[in-house]
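Chains as they are written, first to last, in my numbering: chain A, 142 to 311; chain B, 2 to 99.
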């Protein structure tokens, strides 16, 4: 663990915290975009170069644009949302978060890597598209096809849900 | 092994869980879900780095595609609900009847 790792980890936690705490939805979305870009940077450091680019393009690019677009479309950015019907929920949610973190940290503490860091790094060959391609198109081919079908279904579903016309007050 | 990023991913997942429970706007709940998904991806890439196996990286690629599909449907639902109810607050959506 180097100084760069510590710095990136602290920034990840800070932007994640801001993303769940900031009142204004646009500010929270920007914090989340920063978090996604930082995760992409961490992917580069962890020998997953192709995924790093995909993370930045798809997550920080496409998905965050979609979020910001919907926030703007629905005027949902405002901070004031009226009285809270469940005022005691926030401490409870924080307790759930702390317990979840402790449970996961406990589970991860027992993990022992089978390889030395150097051998593992060599086996990944940088995680480039060239190295990842055979794994995706051979071992995970059917999963890729299923996800492709799912993406198509999701696109059709999104269009159908928002189709103007029959039913409901429009 | 670098358990540091595993701990970071656990913390990000917990932050996302807090956001899902504490946020009141459906869009912000969704953003917290994305944070949790992303934390899972980070954990998988950290495991791939430790095990020297590209399989987990392939799974993360599928996970990103799944997240894109999930966001498309989820945000379409939020917009559809806003059209009929004129709200995005989850507190106001306690009835199933449209």
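Every residue, glycine too, gets a C-beta built ideally from N, C-alpha and C.
Distance, Cα to Cα, residue i vs residue j?
| i | j | result |
| --- | --- | --- |
| residue 204(A) | residue 173(A) | 11 Å |
| residue 9(B) | residue 182(A) | 14 Å |
| residue 282(A) | residue 192(A) | 17 Å |
| residue 310(A) | residue 209(A) | Legend: pLDDT at residue 310(A) = 49, less than 50; position of this residue unreliable, no value from coordinates given. |
| residue 89(B) | residue 146(A) | 38 Å |
| residue 200(A) | residue 293(A) | 18 Å |
| residue 57(B) | residue 260(A) | 17 Å |
| residue 153(A) | residue 195(A) | 18 Å |
Is the distance from the Cβ of residue i to the Cβ of residue j below 8 Å?
| i | j | result |
| --- | --- | --- |
| residue 24(B) | residue 161(A) | yes |
| residue 55(B) | residue 267(A) | no |
| residue 5(B) | residue 150(A) | yes |
| residue 270(A) | residue 49(B) | no |
| residue 16(B) | residue 42(B) | no |
| residue 265(A) | residue 53(B) | yes |
| residue 237(A) | residue 18(B) | yes |
| residue 277(A) | residue 59(B) | yes |
| residue 170(A) | residue 77(B) | no |
| residue 295(A) | residue 70(B) | yes |
| residue 81(B) | residue 302(A) | yes |
| residue 101(B) | residue 245(A) | Past the edges of chain B, shown from 2 to 99, lies residue 101(B), and the structure says nothing about it. |
| residue 7(B) | residue 252(A) | yes |
Return no unless some Cβ of chain B is closer than 8 Å to the Cβ of residue i.
| i | result |
| --- | --- |
| residue 242(A) | yes |
| residue 203(A) | yes |
| residue 144(A) | no |
| residue 229(A) | no |
| residue 177(A) | yes |
| residue 271(A) | no |
| residue 267(A) | no |
Any beta carbon of chain A sitting closer than 8 Å to that of residue i?
| i | result |
| --- | --- |
| residue 46(B) | yes |
| residue 96(B) | no |
| residue 41(B) | no |
| residue 91(B) | no |
| residue 30(B) | no |
Who are the Cβ neighbours of residue i in its own chain at under 6 Å, not counting the five residues just before and after it?
| i | result |
| --- | --- |
| residue 38(B) | 68 |
| residue 75(B) | 31 |
Got a sec? Which residues, its chain only, sit under 7 Å from residue i by beta carbon, not counting five neighbours each side?
| i | result |
| --- | --- |
| residue 156(A) | 172, 175, 176, 179 |
| residue 217(A) | 166 |
| residue 61(B) | 42, 45, 46 |
Spatial neighbours of residue i within its chain, please: CB distance less than 8 Å, with the 5 preceding and 5 following residues excluded, ordered by chain position.
| i | result |
| --- | --- |
| residue 79(B) | 27, 28, 31, 89 |
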